[in-house]
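Protein chains in written order, with the numbering used here: chain Y, 11 to 448; chain L, 448 to 565.
We put the beta carbon where it would ideally sit given N, CA and C, even for glycine.
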Amino acid sequence: MTNSLNAPIGRRGFLGLAAGGAALVVSTQETNAAAIPTNAKIIIIGAGAGGTALANRLVDRLDGAEITLIDPRPQHLYQPGLSLVAAGLKPANYVVSKTTDWLPTGVSLITEKAAAIDPDKKTVTTESGQILAYDFLVVAPGLVLDHDAIDGFSLDMVGTNGIGSLYAGPEYAAKTWQAASKYTEEGGIGLFTRPATEMKCAGAPLKHTFLIDDIARRAGNAGKMDVHYMANNNSLFGVPIVSEKVRMLFGDRGITPNYSHVLKSIDAGAKRATFTTENGEVERDYDYLHVIPPQRAPEVIRQSGLSWADKWTDQGWVECDKTTLRHLRYPDIWALGDVAGVPKGKTAASVKWQVVVVEDQIVSTIAGADPTETYNGYTSCPMITRVGRAMLIEFDYDNNLTPSFPGIIAPLEELWISWLMKEVALKATYNAMLRGKA
Amino acid sequence: MKEMTLSTFLAVFEEIFGRGLFWAMVVAAVIVTALYLFVLIRDRAVSWKKFLFAQISMPFGFVGAIWFVMAMTHSHLTDLGGPVDLIVFLMVGVGGAIGAAILVYTIESLLSPPQKPE
Chain Y
11 MTNSLNAPIG
21 RRGFLGLAAG
31 GAALVVSTQE
41 TNAAAIPTNA
51 KIIIIGAGAG
61 GTALANRLVD
71 RLDGAEITLI
81 DPRPQHLYQP
91 GLSLVAAGLK
101 PANYVVSKTT
111 DWLPTGVSLI
121 TEKAAAIDPD
131 KKTVTTESGQ
141 ILAYDFLVVA
151 PGLVLDHDAI
161 DGFSLDMVGT
171 NGIGSLYAGP
181 EYAAKTWQAA
191 SKYTEEGGIG
201 LFTRPATEMK
211 CAGAPLKHTF
221 LIDDIARRAG
231 NAGKMDVHYM
241 ANNNSLFGVP
251 IVSEKVRMLF
261 GDRGITPNYS
271 HVLKSIDAGA
281 KRATFTTENG
291 EVERDYDYLH
301 VIPPQRAPEV
311 IRQSGLSWAD
321 KWTDQGWVEC
331 DKTTLRHLRY
341 PDIWALGDVA
351 GVPKGKTAAS
361 VKWQVVVVED
371 QIVSTIAGAD
381 PTETYNGYTS
391 CPMITRVGRA
401 MLIEFDYDNN
411 LTPSFPGIIA
421 PLEELWISWL
431 MKEVALKATY
441 NAMLRGKA
Chain L
448 MKEMTLSTFL
458 AVFEEIFGRG
468 LFWAMVVAAV
478 IVTALYLFVL
488 IRDRAVSWKK
498 FLFAQISMPF
508 GFVGAIWFVM
518 AMTHSHLTDL
528 GGPVDLIVFL
538 MVGVGGAIGA
548 AILVYTIESL
558 LSPPQKPE
């Protein structure tokens, strides 16, 4: 379309100007601060939320760095969506995308497991025996779900006989909904468990409990339900003020809290679960059982001597400074995401905060400057309390509430806007984070 | 939220709707607004007759916008839990109502321009 500047503005001319203006907005690129030239070799173990977001940010900050990601799984999983899949609110493919769709050009992805890390020689060996040298290493492999630790349980049981396990992945979350939806129709005793180890998103076991109870209630089956939440210790959530609020909500919904009940084994045929409690073992019958197994650092981390020697010894999280995420014994190594041995922060929201810190640490080290970013333990949990409402709970290492919208979105109030954020904005923010833009 | 910059907002909205759809909607909104300004400037006056007719579309815009948001987010009217929810709810409705009125007024003005006195 051509426009003469001298002609009076007609309808076409006006349209052309408007379209041109919009195109200008679209094509405007963010201008980055000058990238730092370097030939550093950076290896990132894990191409999940942390690894991918970090790679995207480092590519913008560094010019010439050789960045390699190592991850055996070609799919990227949007794990915050698993609770929605397990409540029938989203299909399984809602959480699945391709890892390569998120990675920037100029980085390499090796689709293998990291088999060994030698922090003294500064090398990573892959499963096929490829040895890669690094100048800087970021360990972000996530965590492993130790299903074998629950006697009598195996993943092929999920979806049948009243057994659910939403953490195990998209297909299992969908199968969890098969079992859970049957329970919401038929009613009976529901046992919702959580492990005694550190775990990713400690709000998810609560969300699943609230959602399944609410769905049954809406279907008019409240009278048939006997819902029990099996807490691993004497609280319902790690942050005391939130735990109290959840206790009140449970009271309101008629959900029974059972404290210090850790799932030990199940007899799927008899629909009976055994729990370890302060008073020995206790057997409980169930019609629906939600299993969340103990969670640990991947084998390669525990074998390579990167774990804490005196903390979480059965779990193996990486020994690192809780504000900088830098390894305490190997200054060229950082931990990022679930694997980090810090008291809180196994959520995607935490990763969003941690990525900036690790990026700043690496870029500053290369540039010879002092890093300025620190991680305060920020964790966010849009705690769904029913379909259509959630509490936007955000907190730090010190169990302080750290609301993003103080005075507007109350953290301990069940709100529709918090639900909207989980439903609409959360995945979008997450995706923007993956691209290094949020 | 750690940082709330314009680029963060744009990135988030691009992800909500998909890059193509989001910018197509922005362009559509810009075009309708531009056309609205165009007819105002062209006519040099607001036609109150057309404006009154456009007002009839406002309740439909109000309800339509709320229905769209509720349906897209598995929500119900009973989910409104606090003052901020009511504010968001009203903002969605009022946005829909104003958008509908502008759209109808613009279409009316484009289809039947005022008779110019000779």
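| query | result |
| --- | --- |
| Neighbourhood of Leu155/Y by C-beta distance below 7 Å, restricted to the same chain and skipping five residues each side | Tyr177, Ala178, Pro303 and Gln305 |
| Ile199/Y and Asp297/Y closer than 9 Å at C-beta | yes |
| Residue-level contact to chain Y via CB, Ala512/L, 9 Å cutoff | no |
| Interface flag, Val459/L vs chain Y, CB-CB below 9 Å | yes |
| Beta-carbon spacing of Leu153/Y, Pro308/Y below 9 Å | yes |
| As assigned by DSSP and simplified to three states, the class of Gly200/Y | strand |
| Sheet register partners of Gln85/Y (DSSP bridge) | Lys108/Y |
| Boundaries (first-last residue) of the beta strand (DSSP E) holding Asp236/Y | Met235 to Met240 |
| Neighbour list for Lys447/Y in chain L, Cβ cutoff strictly below 8 Å | Ser454, Thr455 and Ala458 |
| Inter-residue spacing [alpha-carbon to alpha-carbon] between Met472/L and Trp426/Y | 25 Å |
| Collapsed DSSP secondary structure at Ser270/Y in the structure displayed | coil |
| Test: Lys437/Y CB closer than 9 Å to a CB of chain L | yes |
| In DSSP terms, what Glu404/Y is bridged to | Ser390/Y |
| Where Gly398/Y meets chain L, residues with beta-carbon distance less than 7 Å | His521, Ser522, His523 and Asp526 |
| Identity of the residue in Leu457/L, Lys497/L, Phe469/L and Phe464/L nearest Glu433/Y by Cα | Phe464/L |
| Range covered by the alpha helix (DSSP H) that runs through His218/Y | Ala214 to Arg228 |
| Any 3 or more C-beta pairs closer than 8 Å across the stretch 56-64 of chain Y and the stretch 182-199 of chain Y | no |
| Span of the beta strand (DSSP E), counted from its first residue to its last, around Val134/Y | Thr133 to Thr136 |
| Alpha-carbon spacing of Glu404/Y relative to Val516/L, whole angstroms | 25 Å |
| Any non-hydrogen atom of the ligand NAD within 8 Å of Ala184/Y CB | With respect to the ligand NAD, the structure offers nothing, as it holds no ligand at all. |
| Alpha carbon of Glu585/L to alpha carbon of Val479/L, nearest angstrom | There is no way to answer for residue 585/L, as the model of chain L reaches only from 448 to 565. |
| Neighbourhood of Gly546/L by C-beta distance below 7 Å, restricted to the same chain and skipping five residues each side | Gly508 |
| Local conformation of Pro381/Y per DSSP, three classes | coil |
| For Thr334/Y, the nearest candidate out of Thr323/Y, Val361/Y, Lys321/Y and Asp320/Y (CA to CA) | Val361/Y |
| Separation of Asp158/Y from Leu430/Y, as counted between CA atoms | 37 Å |
| DSSP three-state assignment for Gly290/Y, whether helix, strand or coil | strand |
| Buried or exposed by the 16-neighbour rule on C-beta atoms within 10 Å, applied to Leu34/Y | The pLDDT assigned to Leu34/Y is 43, lower than 50, so where the model puts this residue is not dependable, and the model offers no usable value. |
| Leu402/Y to Gly213/Y span [Cα, whole Å] | 11 Å |
| Nearest to Pro341/Y (by Cα), restricted to the options Ile372/Y, Ser191/Y and Gly169/Y | Ile372/Y |
| Backbone secondary structure at Thr375/Y - three-state DSSP | helix |
| Cutoff 9 Å: Trp9/Y Cβ touching any chain L Cβ | Residue 9/Y lies beyond the range of chain Y shown here (11 to 448); nothing can be said about it. |
| Neighbour flag for Leu430/Y against chain L, beta carbons, 9 Å | yes |
| Counterpart residues of Gln305/Y in DSSP-defined beta bridges | Leu155/Y |
| Alpha-carbon spacing of Phe260/Y relative to Ser253/Y, whole angstroms | 10 Å |
| Within chain Y, partners of Gly573/L - CB distance below 7 Å | Because chain L spans 448 through 565 in this model, residue 573/L falls outside it and cannot be assessed. |
| 9 Å Cβ cutoff met for Asp526/L and Gly398/Y | yes |
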